[in-house]
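Residue numbers (this note's numbering), protein chains in the order written: chain A, 1 to 535; chain B, 1 to 232. Worksheet for the structure shown next.
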Amino acid sequence: MKNRVIIIGAGGAGLVAALNAHENGAEVTIITKEYPTRSQTCMAQGGINAVLSDKEGDSVEVHVQNTLKSANGLADERAVRHMCQEAPKAVTWLDSIGVPFSRTAESGIAQRKLGGAYAPRACYAQDYTGLKILHTLYDRVLGAKIEILNERHLLEFITELDESGKKYVCGVSLLNKRSGEIEIHDASSVVVATGGYSRVYHNYSTNSVSSSGDGVAAALRAGARVSDMEFVQFHPTALKESSILISESARGAGGHLLNSKGERFVDELLPRDEVSKAIHDEIAKGEEIYLDIRHLGAEFIQRELPQEAKLAKLYENIDPAVDLIPIKPAAHYTMGGIEVDENSSTCVKGLFAVGECANHKVHGANRLGGNSLLELVVFGRQAGVSAAKYADSFKKHTDISGHKSIFEKEIDEIKRYTNKINFYKEHERLGELFYKNVGIKRQKDSMLRVLEMLREMKSTLPQMGVSDKTKEYNTNLTEFLEFKNMLQIGELILLSAINRDESRGAHFRIDAPAVDEKYRAHTIISIDGEISYEN
Amino acid sequence: MKINIKRDSVVEYEVQMQDKTLLEVLNEIKSNQDPSLAYSSGCRSSVCGSCAVRVNGREVLSCSYHVKDGDLVEPLNNTPILRDLVVDMDKAYSFNTKAKAWQSLPVDNVSLSIDNQKINELQSDCILCGSCYSVCPVYAVNSEFLGPFSLTRVWRYVSDKREANPKEKIDAIQANGVWDCTLCNECTLVCPQEISSKADIEKLRAKSSVFGYMDPSFSSFGSSFGDGSPIF
Numbered sequence: 001m002k003n004r005v006i007i008i009g010a011g012g013a014g015l016v017a018a019l020n021a022h023e024n025g026a027e028v029t030i031i032t033k034e035y036p037t038r039s040q041t042c043m044a045q046g047g048i049n050a051v052l053s054d055k056e057g058d059s060v061e062v063h064v065q066n067t068l069k070s071a072n073g074l075a076d077e078r079a080v081r082h083m084c085q086e087a088p089k090a091v092t093w094l095d096s097i098g099v100p101f102s103r104t105a106e107s108g109i110a111q112r113k114l115g116g117a118y119a120p121r122a123c124y125a126q127d128y129t130g131l132k133i134l135h136t137l138y139d140r141v142l143g144a145k146i147e148i149l150n151e152r153h154l155l156e157f158i159t160e161l162d163e164s165g166k167k168y169v170c171g172v173s174l175l176n177k178r179s180g181e182i183e184i185h186d187a188s189s190v191v192v193a194t195g196g197y198s199r200v201y202h203n204y205s206t207n208s209v210s211s212s213g214d215g216v217a218a219a220l221r222a223g224a225r226v227s228d229m230e231f232v233q234f235h236p237t238a239l240k241e242s243s244i245l246i247s248e249s250a251r252g253a254g255g256h257l258l259n260s261k262g263e264r265f266v267d268e269l270l271p272r273d274e275v276s277k278a279i280h281d282e283i284a285k286g287e288e289i290y291l292d293i294r295h296l297g298a299e300f301i302q303r304e305l306p307q308e309a310k311l312a313k314l315y316e317n318i319d320p321a322v323d324l325i326p327i328k329p330a331a332h333y334t335m336g337g338i339e340v341d342e343n344s345s346t347c348v349k350g351l352f353a354v355g356e357c358a359n360h361k362v363h364g365a366n367r368l369g370g371n372s373l374l375e376l377v378v379f380g381r382q383a384g385v386s387a388a389k390y391a392d393s394f395k396k397h398t399d400i401s402g403h404k405s406i407f408e409k410e411i412d413e414i415k416r417y418t419n420k421i422n423f424y425k426e427h428e429r430l431g432e433l434f435y436k437n438v439g440i441k442r443q444k445d446s447m448l449r450v451l452e453m454l455r456e457m458k459s460t461l462p463q464m465g466v467s468d469k470t471k472e473y474n475t476n477l478t479e480f481l482e483f484k485n486m487l488q489i490g491e492l493i494l495l496s497a498i499n500r501d502e503s504r505g506a507h508f509r510i511d512a513p514a515v516d517e518k519y520r521a522h523t524i525i526s527i528d529g530e531i532s533y534e535n
Numbered sequence: 001m002k003i004n005i006k007r008d009s010v011v012e013y014e015v016q017m018q019d020k021t022l023l024e025v026l027n028e029i030k031s032n033q034d035p036s037l038a039y040s041s042g043c044r045s046s047v048c049g050s051c052a053v054r055v056n057g058r059e060v061l062s063c064s065y066h067v068k069d070g071d072l073v074e075p076l077n078n079t080p081i082l083r084d085l086v087v088d089m090d091k092a093y094s095f096n097t098k099a100k101a102w103q104s105l106p107v108d109n110v111s112l113s114i115d116n117q118k119i120n121e122l123q124s125d126c127i128l129c130g131s132c133y134s135v136c137p138v139y140a141v142n143s144e145f146l147g148p149f150s151l152t153r154v155w156r157y158v159s160d161k162r163e164a165n166p167k168e169k170i171d172a173i174q175a176n177g178v179w180d181c182t183l184c185n186e187c188t189l190v191c192p193q194e195i196s197s198k199a200d201i202e203k204l205r206a207k208s209s210v211f212g213y214m215d216p217s218f219s220s221f222g223s224s225f226g227d228g229s230p231i232f
């Protein structure tokens with residue numbers, strides 16, 4: 001099929017890419033392992049950054065500087081500048097297609113200040129910014145009559161070599177969750193928009209259970225490069241038992257962090273990485289940590305923080321107007337991902353990437369709140385346009401239908417695994433190991449031990465597998481495939497973190513606590529674990 | 001604690017858990033007792049709309065319902081079951097397309113007041129969980145009824161100042177749409193986001209009247225006997 005762009009992933013990044021590829025003449029198919037509106041994007045609460053006025057001295061330049069500062073020297077200034085310059089246009093576009101942003105008395109878009117920003121520039125829609133952007137994009141996609149294939153699990157990107165020996169993508173293989181059949185889809189170009197990989201940390205993550213990094217792992221296997229995998233942002237206040245996010249707004253409104261003795265131990269309004277580190281140190285001393293918003297009063301909590309009150313009641317069975325909220329930091333956002341150039345292209349021809357799965361080098365070592373929704377609109381557009389242009393000039397036609405039997409054999413092979421070891425338990429163990437050793441504070445020795453354990457775990461995969469051999473809607477199988485991806489990604493996180501002998505942003509090494517200018521470079525890691533640094 | 005889950009037949013599971021959400025209990029069963037159990041989940045915090053099921057006959061989100069001993073968990077009603085608690089949402093979602101639930105055209109120079117925005121703030125909180133289709137008695141007997149969340153979505157766009165062609169949307173919701181609803185209010189009672197599709201449908205009826213439509217059961221009342229009796 002000529003001119004066919006396949007988008008894998010239907011969160012904000014995927015949908016923006018789809019709309020733009022469609023507008024640029026491509027025949028677009030969106031493929032998701034769930035349904036579009038169930039994507040991780042719906043969980044974004046805070047807002048989307050854009051300088052819409054010079055209020056409080058704000059400017060595009062200040063947005064650029066705030067982003068670079070937060071990135072700790074690891075962002076690409078050109079990419080950051082492009083993103084911040086495009087931001088007002090991105091928000092204006094969202095406003096033009098019907099996103100119900102909260103408004104000001106002057107009939108403009110309401111903005112609030114988030115951590116690390118010098119001015120209120122995060123445009124929001126109550127606490128549902130991501131949800132409302134995602135749903136509006138979805139409606140737009142329906143209006144454009146773009147094809148959506150739901151409940152297909154990505155297996156691999158299919159590649160061939162061109163005359164000069166360079167790899168190009170020519171399709172994807174999928175597992176149709178409903179039928180259990182392998183599907184092979186031809187494509188002129190493919191956009192990966194599959195989200196981050198925070199679920200490597202299992203229950204120590206605020207993310208949706210779907211954030212298993214499938215696209216990052218598959219892109220790597222297809223020959224794409226990945227970078228900066230060691231940079232994982234931890235949010236300071238997730239509920240202790242469930243890792244459900246308690247929004248920064250609770251601290252913004254005057255909430256305190258207390259240890260078991262009832263003492264405050266950190267300025268609650270410092271950037272996320274610093275607050276998380278302080279909490280980590282207290283926990284290491286054996287303290288329990290609590291968020292205290294009792295002094296704000298029941299009425300205020302009900303009016304201003306109703307979501308937080310509801311979640312605390314539901315998951316910790318406490319009333320935050322009278323009780324302390326037990327919290328811990330949890331993995332929240334992965335800065336690293338698939339390496340892309342200034343056109344959102346990977347090094348595999350025709351394979352593009354965007355959103356949390358990609359590394360556009362705008363977040364560096366620590367993402368600024370409000371920049372992830374922005375990134376997906378600005379670079380989603382770029383990825384969509386690039387993929388459509390490439391597809392338009394794509395001339396190869398290879399029959400890839402023969403791949404079906406290869407993947408069928410692979411799935412059959414997995415079903416023959418002995419299932420003596422419960423992989424759910426292994427994932428739980430992996431999450432625990434990562435949280436304790438590859439989390440907020442890290443140390444080479446202990447990470448080397450975890451690496452050994454992870455490799456051991458990998459080698460026992462054939463003793464894991466699935467007990468459910470059913471063909472139709474086998475979530476035991478799809479969850480095992482996700483676990484395999486997370487093991488692959490986990491190894492890259494570890495190797496990258498072990499190799500970076502310094503501390504920078506979200507990567508803090510107890511045994512190398514200072515910034516080392518030698519490492520002011522992006523970690524590039526190959527599928528074999530070879531590391532190089534590039535700028 | 002015992003919990004009953006409707007699969008091909010009802011299966012009883014025993015878990016050593018107290019004060020946990022249904023989703024946590026389902027995860028425990030899947031990880032440690034029966035990996036073949038199928039259910040959907042995502043965000044765990046009630047915004048992704050993945051995990052709606054029925055407990056003791058009532059629609060709930062698994063991630064926000066606390067399990068009690070002896071609960072009976074079943075998949076949503078009025079929707080094809082794919083496996084165990086997983087239902088096929090394609091048909092329900094297709095009504096958003098049929099009802100043209102999107103803004104017709106992008107607009108330049110948007111200027112919306114706080115009041116303009118508040119008018120559909122609640123409606124745009126919808127997470128498409130499908131609870132409203134499960135409980136809807138009209139959808140149960142008329143599988144072409146556009147249904148609660150689609151109509152709420154139409155109201156969202158029709159009520160928005162940015163919509164240049166509300167008539168096109170109103171036209172799309174006349175057949176199997178606003179007039180078919182019985183206003184029973186069941187959808188409102190089960191909505192986890194506290195949206196009232198029933199109220200939105202009433203507003204859409206009023207809007208339909210503005211465009212010259214009327215309740216077809218009214219307009220045909222006089223002649224509906226079809227026996228040539230005089231119209232009074």
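Ideal Cβ placement from N, Cα and C applies to all residues, glycine included.
From Arg264 of chain A to Leu257 of chain A, what does the alpha carbon distance come to, in whole angstroms?
-> Looking up residue 264 of chain A in the first sequence gives position 264. Looking up residue 257 of chain A in the first sequence gives position 257. Arg264 of chain A and Leu257 of chain A: Cα-Cα distance of roughly 6 Å.
Taking any Cβ of chain B, which residues in the stretch 131-143 of chain A have a Cβ under 9 Å from it, in chain order?
-> Answer in chain order: Leu131, Lys132, His135, Thr136, Tyr138, Asp139, Arg140, Val141, Leu142, Gly143.
Cβ of Gln103 of chain B within 8 Å of any chain D Cβ = The chain inventory of the structure shown lacks chain D, comprising the protein chains A and B.
Do you know offhand how far Glu517 of chain A's Cα is from Ser532 of chain A's?
-> Translated into the one-based positions of the first sequence, residue 517 of chain A becomes position 517. Translated into the one-based positions of the first sequence, residue 532 of chain A becomes position 532. The alpha-carbon atoms of Glu517 of chain A and Ser532 of chain A are separated by roughly 15 Å.
Beta-ladder partner(s) of Asn3 of chain A, from DSSP = If you number the first sequence from 1, residue 3 of chain A lands on position 3. DSSP lists no partner for Asn3 of chain A.
Interface positions of the stretch 142-170 of chain B facing chain A (Cβ-Cβ less than 9 Å), listed along the chain | Arg153, Arg156, Tyr157, Asp160, Arg162, Glu163
The beta strand (DSSP E) with Ser532 of chain A in it runs from where to where?
-> For the purposes of this step, residue 532 of chain A is taken as residue 532 along the first sequence, with counting starting at 1. Counting along the chain, the beta strand (DSSP E) containing Ser532 of chain A begins and ends at 531-534.
What residue from A:Phe508, A:Phe157, A:Ala50 has the CA that sits closest to Lys113 of chain A's CA?
-> As a working note, residue 113 of chain A is residue 113 in the first sequence. Considering only alpha carbons, the answer is A:Ala50.
Kindly list the residues whose CB is nearer than 6 Å to the CB of Arg152 of chain A, restricted to its own chain and excluding five residues on each side of it in sequence; keep chain order.
-> Position 152 of the first sequence, counted from the first residue, corresponds to residue 152 of chain A. Ile31, Leu174, Asn176.
Can you give me the start and stop residues for the beta strand (DSSP E) that Ser173 of chain A sits inside?
-> Position 173 of the first sequence, counted from the first residue, corresponds to residue 173 of chain A. It spans 167-176 - the beta strand (DSSP E) in which Ser173 of chain A sits, taken as one unbroken run.
From Val64 of chain A to Cys84 of chain A, what distance separates their C-alpha atoms?
-> Along the first sequence, read from residue 1 onward, the residue named residue 64 of chain A stands at position 64. Along the first sequence, read from residue 1 onward, the residue named residue 84 of chain A stands at position 84. So the two alpha carbons sit approximately 6 Å from each other.
Check the Cβ-Cβ distances between Asn120 of chain B and every residue of chain A, and say whether any is below 8 Å.
-> For this step, residue 120 of chain B is matched to residue 120 along the second sequence. Closer than 8 Å to some Cβ of chain A, the Cβ of Asn120 of chain B qualifies, so yes.
Note down, in chain order, all residues in the stretch 473-494 of chain A with a beta-carbon under 7 Å from any beta-carbon belonging to chain B.
-> Residues of the stretch 473-494 of chain A with a C-beta atom less than 7 Å from some C-beta of chain B are Tyr473, Thr475, Asn476, listed in chain order.
Taking C-beta pairs closer than 7 Å, name the residues in chain A that Cys43 of chain B reaches, listed in chain order.
-> Numbered from its first residue, the second sequence carries residue 43 of chain B at position 43. Here the neighbours are Cys42, Met43, Ser208.
Ordered along the chain, which non-local residues of its own chain (more than five positions away) have a Cβ less than 6 Å from that of Thr41 of chain A?
-> As a first step, residue 41 of chain A must be located in the first sequence, where it is residue number 41. Within the same chain, Cβ atoms closer than 6 Å to the Cβ of Thr41 of chain A are found at Gly11, Gly12, Gly130, Leu134, the five residues on either side in sequence being excluded.
Chain-ordered residues of the stretch 198-226 of chain A with a beta carbon less than 7 Å from chain B | Ser208, Val209, Ser210
Interface positions of the stretch 58-90 of chain B facing chain A (Cβ-Cβ less than 7 Å), listed along the chain = Ser64, Leu82, Arg83, Val86, Met89, Asp90
Taking the alpha-carbon positions, what's the Lys541 of chain A to Asp412 of chain A distance?
-> Past the boundaries of the shown model lies residue 541 of chain A; chain A is included only from 1 to 535, so the question cannot be answered.
Name the residues in the stretch 55-68 of chain A whose C-beta lies less than 7 Å from a C-beta of chain B; which are they?
-> Taking 7 Å as the Cβ-Cβ cut-off, the stretch 55-68 of chain A has no residue approaching chain B.
Neighbourhood of Glu27 of chain A by C-beta, 6 Å cutoff - its chain only, sequence neighbours within 5 removed = Within the first sequence, the letter at position 27 stands for residue 27 of chain A. Closer than 6 Å at the Cβ level, and outside the excluded window around Glu27 of chain A, lie Asn3, Arg4.
When DSSP labels each residue in this structure, what does Phe232 of chain B get in the three-state scheme?
-> Indexing the second sequence from 1 puts residue 232 of chain B at position 232. Residue confidence is low: Phe232 of chain B scores 43 on pLDDT, short of 50, so the model does not pin down where it sits. Its coordinate-derived value is still stated next. Judged by DSSP in its simplified three-state form, Phe232 of chain B adopts coil rather than helix or strand.
Between A:Ala298, A:Arg504, A:Glu426, which lies nearest to Asn366 of chain A when the distance is taken from Cα to Cα?
-> Along the first sequence, read from residue 1 onward, the residue named residue 366 of chain A stands at position 366. Nearest option by C-alpha distance: A:Arg504.
Can you list, in chain order, the stretches of the alpha helix (DSSP H) that have 4 or more residues and sit fully within the stretch 58-118 of chain A?
-> 60-70, 77-96
DSSP beta-bridge partners for Gln382 of chain A?
-> Position 382 of the first sequence, counted from the first residue, corresponds to residue 382 of chain A. Note: Gln382 of chain A sits in no beta bridge, so no partner.
Roughly how many angstroms lie between the CA atoms of Ala278 of chain A and Pro513 of chain A, to the nearest whole one?
-> The sequence position of residue 278 of chain A within the first sequence is 278, counting from 1. The sequence position of residue 513 of chain A within the first sequence is 513, counting from 1. Roughly 14 Å separates the two Cα atoms.
Along chain A, which residues have their Cβ under 8 Å away from the Cβ of Gln117 of chain B?
-> Translated into the one-based positions of the second sequence, residue 117 of chain B becomes position 117. Neighbours of Gln117 of chain B on chain A, chain order: Pro100, Phe101, Ser102, Arg103.
Residues of chain A with CB under 7 Å from Ile114 of chain B, in chain order?
-> Along the second sequence, one-based indexing puts residue 114 of chain B at 114. Simply Arg103, Ala105.
Would you say Cys132 of chain B faces chain A, with C-beta separation under 8 Å as the test?
-> Translated into positions along the second sequence, residue 132 of chain B becomes position 132. False, the Cβ-Cβ gap to chain A never drops below 8 Å.
Any idea which residues DSSP pairs Asn4 of chain B with across the strands?
-> Position 4 of the second sequence, counting from 1, holds the residue named residue 4 of chain B. Partner(s): B:Glu12, B:Leu72.
Cutoff 8 Å: Met17 of chain B Cβ touching any chain A Cβ = The residue you call residue 17 of chain B lines up with position 17 of the second sequence. Met17 of chain B does not count as touching chain A.
6 Å CB neighbourhood of Ala298 of chain A in its chain, flanking five on each side removed = By one-based count along the first sequence, residue 298 of chain A stands at place 298. Excluding its 5 nearest sequence neighbours in each direction, Ala298 of chain A has C-beta neighbours in its own chain below 6 Å: Ala321, listed in chain order.
Please state whether DSSP places Glu163 of chain A in a helix, a strand or coil.
-> Position 163 of the first sequence holds residue 163 of chain A. Of the three classes helix, strand and coil, the one that applies to Glu163 of chain A here is coil, per DSSP.
Thr398 of chain A, buried or exposed, once every other Cβ within 10 Å from all chains shown has been counted against 16 | Locating residue 398 of chain A in the first sequence gives position 398, counting from the first residue. That one is exposed.
Which residues in the same chain have their Cβ closer than 6 Å to the Cβ of Leu487 of chain A, if we skip the five residues on either side of it in sequence?
-> Looking up residue 487 of chain A in the first sequence gives position 487. Hits under 6 Å: Lys458.
DSSP-derived helix/strand/coil call for Glu156 of chain A = As a working mapping, residue 156 of chain A is identified with position 156 in the first sequence. Strand at Glu156 of chain A.
Kindly indicate if chain A contains any beta-carbon less than 8 Å away from that of Cys184 of chain B.
-> Position 184 of the second sequence, counting from 1, holds the residue named residue 184 of chain B. Not one chain A Cβ lies under 8 Å of Cys184 of chain B.
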